[in-house]
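S.K.: Numbering (the working numbering), first residue to last: 35 to 545. Just so you know, even glycine gets a beta-carbon here, dropped at the ideal spot from N, CA and C.
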Amino acid sequence: MKLSQLLKFENIIIQCHNNPDADALASGMAVLKYLKDNGKNAGLIYGGNFEISKANLKLMVSDLKIDIHHVRNQGQISEILGISDEEIPDLIVTVDSQYGEGNIEKFKAKEIAVIDHHQYTGKLPDLAEVRSYQASCATVVWDMLRQENYPINKNVLLSTALYYGLWTDSNNFSELHHPLDMDMRDELLYSESIITKFKNSNISQEELRIAGIALLGSEYYSDNHYSIVKTDPCDPNVLGIISDMLLEVEDVYCCLVYSILEGGIKLSVRSCVKEVKANELAAFICDGVGNGGGHKVKAGGSIRRKLLEVQELEYTPASIQQFFRARMHEYFKDNEIIYANKYKADIAHMDKYRKRKLRVGYVKAADVVAPGTRCIIRTLEGDVDMLVKENTVIAIGIRGEIYPMEWEKFLDKYQILDDEYVYPGDYSPSIKDVEEGKSKEILPFAHSCMSIGSNEIYVSEIKKRTKVFTKWDSESYYLGRPGDYMAVPVGDISDVYIIERSIFEETYEKV
């Protein structure tokens, strides 16, 4: 869905979920601003039994001038729009929530639209933009505004709202994993003083009490050095504070902190050892029932109540506690960890493959930024740090994945073509100058090439979760799941790495 599709309606209500958080407020404010700037009669509301009471949210509403109304009945909506009591809105747009869910009051309208970042469990209306891979609904709205060429950064209050919405919903940016979330964080021109003011009012006395009680109930599992903590319902930032405190405890290497809410569960994950990436653990815990992600050290996620119930799990504290215990136990029980600098592959039990001749792409990095520049290349697979040299080449794989290498090594593997390059991915990779903070798209500088097909490797299919610390990165592992492949080049059986199954099947052929 595009925001411009909403402009065919006149009387429009934007609705947040009950007891709205910063992400819902920011998303609602942005959609309201867009509609009003386009001459529409629009209002922003939320329902439920309780008015906004948290100090940081009350500050957000007042300081950012968010025109939002707490309503209890349909008549109040008519009053906000200035229409008769007999009329109903032409459209209700739910933000950070989905019409008919348990956490949002149901009001009448001629049509419904949905903008959200949570997984959906029921039928969506025709007008819907739901991206469960984004860390916040604010990111979804920000990208939709960009697509309409809306001047977001000309309104510092709007930019600040969107920034704070992402900050709060991603647990202080610790759960960011999609490059679009990172792009918004980096590109918004927000007010630092206002954000600081909000942060300093972020935790109430009651939430401080919740954190203390939760820590007293910590469960510790000494075999794998992790803790699990349940808290009373609270802001996701409180989960992060508790997680950070747990890692200060002797012999706690990673932890899971969670809070059970009306419509689902929020969780925070931390790790201080390289053998466990917090983002990978969070994704494992939420697999099939929600979304998890973030960074190697700090991560988090959310689990949808309906998705748990689909798996016939009771939504009770005891059942949920057992669910998390089982997931954590399963994560640690059957892993293989390989350190390439100590590993020699048994090639007698491996098959030999060679790379197929495939049309791919490449970019000479010096065409984009000056040699000697320290850069970050942002892709769906994550950020890649790189010092650009005269001979640096960025090879682009069959899915849009990138591989920085030297020109000489590139020529050994690829043949340059005259064809126009067509990028196969969804998210366009960019290169960011670390010192200046400026980003550039790399695709305008991309050319076509073909893999020569002379590289041979030994491979074996992975039977259990395998973490590989490669020769070129001894601090961060590559994860292989059952069905993926472990590979070593012919001639160097210690250079072990992981190839995802579908990429392997498209890229290699048996010798």
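1. Cβ of S546 within 8 Å of Cβ of R304?
2. What runs of the beta strand (DSSP E), each 3 residues or longer, lie entirely inside the region 180-247?
3. Of all the options D401, I411, V403, S482, which has the alpha carbon lying nearest to the alpha carbon of I432?
4. Assign W506 to one of two classes, buried (16 or more other C-beta atoms within 10 Å of its C-beta) or exposed (fewer than that).
5. I need the DSSP call for G335, collapsed to helix, strand or coil.
6. Using a Cβ-Cβ cutoff of less than 7 Å, which residues in the same chain neighbour S112 once the five nearest sequence positions on both sides are dropped?
7. Would L315 and F358 qualify as a contact pair, given that the criterion is a beta-carbon distance under 8 Å?
8. Rounding to the nearest angstrom, what Cα-Cα distance links A162 and Q181 in this structure?
9. Comparing alpha-carbon positions, which option in D526, E495, R339, E543 lies nearest E534?
10. How long is the line joining the alpha carbons of V468 and F318, rounded to whole angstroms?
11. Just verifying my parser: in three-state terms, what is the DSSP assignment at M439?
12. Which value, in whole angstroms, describes the spacing of the CA atoms of D97 and A56?
13. L270 and N205 look like a contact to me (Cβ under 8 Å); what is the Cβ gap, rounded to whole Å?
14. I think A399 touches V427, with their Cβ atoms under 8 Å apart; what is that distance to the nearest whole Å?
15. Mind listing, in chain order, the continuous beta strand (DSSP E) runs of no fewer than 3 residues lying wholly within the region 373-454?
16. Which residue or residues does DSSP assign as beta-bridge partners of G514?
17. Between which two residues does the beta strand (DSSP E) holding P523 run?
18. Quick one: any contact between the region 445-459 and the region 344-364, if contact means 3 or more CB pairs under 8 Å?
19. Taking the alpha-carbon of V403 as reference, which of L196, N313, N189, K466 has the nearest alpha-carbon?
20. Just to confirm, are K65 and V148 a CB contact at a threshold of 8 Å?
21. Leaving aside the five residues before and after G199 along the sequence, list all residues of the same chain whose C-beta is less than 6 Å from its C-beta, in chain order.
22. So, with DSSP's three-state summary, where would you put I527?
23. For the alpha helix (DSSP H) holding E548, just list the boundary residues, first then last.
24. Tell me the DSSP secondary structure of L315 in three-state form.
25. List the endpoints of the continuous beta strand (DSSP E) containing G582.
26. How about K330 and K311: do their beta carbons lie closer than 8 Å?
27. Do Y292 and C306 have their C-beta atoms closer together than 8 Å?
28. So L242 and V263 are in contact, right, with Cβ under 8 Å, and what is the actual spacing, rounded?
29. Quick one: Cα of Q168 to Cα of Y184, how far?
30. Below 8 Å on the Cβ atoms is my guess for K378 versus S528; work out the distance and round it to an integer in Å.
31. Apart from the five residues on each side of it in sequence, which residues of its chain come closer than 6 Å, Cβ to Cβ, to K308?
32. Check whether the Cβ atoms of L222 and L196 lie closer than 8 Å to each other.
33. Going along the chain, which residues of its own chain have a beta-carbon closer than 8 Å to the beta-carbon of K231, five neighbours each way excluded?
34. Just the C-alpha distance for F43 and P159, rounded to the nearest angstrom, thanks.
35. Got a sec? Which residues, its chain only, sit under 8 Å from V95 by beta carbon, not counting five neighbours each side?
36. From the DSSP output, which residues share a beta bridge with L78?
M.R.: In this structure, then:
1. A query on residue 546 cannot be resolved here, the shown segment of the chain reaching from 35 to 545 and no further.
2. Here no run is fully enclosed.
3. The sequence position of residue 432 within the sequence shown is 398, counting from 1. Residue S482 is the option with its Cα nearest to I432.
4. Within the sequence shown, the letter at position 472 stands for residue 506. The Cβ neighbour count for W506, taken over all protein chains shown within 10 Å, is under 16; the residue is labelled exposed.
5. The residue you call residue 335 lines up with position 301 of the sequence shown. Look at G335 here: in three-state DSSP terms it is strand.
6. Residue 112 sits at position 78 when you count from the first residue of the sequence shown. The residues S118, D119, E121, in chain order, have a CB closer than 7 Å to that of S112 in the same chain once the five nearest residues on each side in sequence are set aside.
7. Counting from 1 along the sequence shown, the entry for residue 315 is found at position 281. Counting from 1 along the sequence shown, the entry for residue 358 is found at position 324. Taking 8 Å as the cut-off, the Cβ atoms of L315 and F358 do not count as close.
8. Looking up residue 162 in the sequence shown gives position 128. Looking up residue 181 in the sequence shown gives position 147. Distance between the alpha carbons of A162 and Q181: 16 Å.
9. The sequence position of residue 534 within the sequence shown is 500, counting from 1. The shortest Cα separation from E534 among D526, E495, R339, E543 belongs to E495.
10. Residue numbering aside, residue 468 sits at position 434 when the sequence shown is read from its first letter. Residue numbering aside, residue 318 sits at position 284 when the sequence shown is read from its first letter. Spanning the alpha carbons of V468 and F318 requires a straight line of approximately 32 Å.
11. In the sequence shown, the residue the question calls residue 439 occupies position 405. DSSP places M439 in the strand class (E or B) of the three-state scheme.
12. Position 63 of the sequence shown, counted from the start, is the residue given in the question as residue 97. Position 22 of the sequence shown, counted from the start, is the residue given in the question as residue 56. Using only the alpha carbons, I get a separation of about 13 Å.
13. Position 236 of the sequence shown, counted from the first residue, corresponds to residue 270. Position 171 of the sequence shown, counted from the first residue, corresponds to residue 205. This sequence places Pro at residue 270; Leu is not what is there. The beta carbons of P270 and N205 sit about 5 Å from each other, so the pair counts as a contact at 8 Å.
14. Looking up residue 399 in the sequence shown gives position 365. Looking up residue 427 in the sequence shown gives position 393. With 8 Å as the limit, A399 and V427 qualify as a contact, their Cβ atoms being about 7 Å apart.
15. Restricting attention to beta strand (DSSP E) runs no shorter than 3 residues, the region 373-454 encloses them at 385-389, 393-398, 408-413, 416-421, 426-430, 436-440, 448-450, ordered along the chain.
16. In the sequence shown, residue 514 corresponds to position 480, counting from 1. Note: G514 is bridge-paired with T500 in the DSSP secondary-structure output.
17. Reading the sequence shown from its first residue, position 489 is the one you call residue 523. First-last of the beta strand (DSSP E) with P523: 519-523.
18. The answer is no - the region 344-364 does not touch the region 445-459, with fewer than three Cβ pairs under 8 Å.
19. Residue 403 sits at position 369 when you count from the first residue of the sequence shown. The shortest Cα separation from V403 among L196, N313, N189, K466 belongs to K466.
20. Here residue 65 refers to the residue found at position 31 when the sequence shown is read from its first residue. Here residue 148 refers to the residue found at position 114 when the sequence shown is read from its first residue. The sequence as given places Val at residue 65; Lys does not occur at that position. No. Outside cutoff.
21. In the sequence shown, the residue the question calls residue 199 occupies position 165. Residues of the same chain with a CB within less than 6 Å of the CB of G199, apart from the 5 flanking positions on each side, are A56, D57, A60, S170, A172 in chain order.
22. Mapped onto the sequence shown, residue 527 falls at position 493. Coil, per DSSP.
23. Because residue 548 is not part of the residues shown, which for the chain are 35 to 545, the question remains open.
24. Counted from its first residue, the sequence shown places residue 315 at position 281. In this structure, L315 counts as helix in the three-state DSSP scheme.
25. Past the boundaries of the shown model lies residue 582; the chain is included only from 35 to 545, so the question cannot be answered.
26. As a first step, residue 330 is located in the sequence shown; it is residue number 296 there, counting from the start. As a first step, residue 311 is located in the sequence shown; it is residue number 277 there, counting from the start. Contact annotation: K330 and K311 have beta-carbon atoms nearer than 8 Å.
27. Translated into positions along the sequence shown, residue 292 becomes position 258. Translated into positions along the sequence shown, residue 306 becomes position 272. Going by C-beta atoms, Y292 is not nearer than 8 Å to C306.
28. Translated into positions along the sequence shown, residue 242 becomes position 208. Translated into positions along the sequence shown, residue 263 becomes position 229. In this structure L242 is not in contact with V263, their Cβ atoms being roughly 15 Å apart against a cut-off of 8 Å.
29. Locating residue 168 in the sequence shown gives position 134, where the first residue counts as 1. Locating residue 184 in the sequence shown gives position 150, where the first residue counts as 1. Going from the Cα of Q168 to the Cα of Y184 covers about 20 Å.
30. Within the sequence shown, residue 378 is the residue found at index 344, counting from 1. Within the sequence shown, residue 528 is the residue found at index 494, counting from 1. Indeed they touch by this definition, with Cβ atoms about 6 Å apart.
31. Numbered from its first residue, the sequence shown carries residue 308 at position 274. Non-local beta-carbon contacts of K308 in its own chain, meaning distances under 6 Å to residues more than five positions away in sequence, involve E509 in chain order.
32. Within the sequence shown, residue 222 is the residue found at index 188, counting from 1. Within the sequence shown, residue 196 is the residue found at index 162, counting from 1. Taking the C-beta atoms as reference points, L196 is found nearer than 8 Å to L222.
33. Here residue 231 corresponds to residue number 197 of the sequence shown, with the count starting at 1. Cβ within range, chain order: L93, D97.
34. Mapped onto the sequence shown, residue 43 falls at position 9. Mapped onto the sequence shown, residue 159 falls at position 125. In this structure, the straight-line span from the alpha carbon of F43 to that of P159 is close to 16 Å.
35. If you number the sequence shown from 1, residue 95 lands on position 61. So the list reads L59, I86, I102, once near-sequence residues are dropped.
36. Numbered from its first residue, the sequence shown carries residue 78 at position 44. Answer by DSSP bridge pairing, in chain order: I48, I102.
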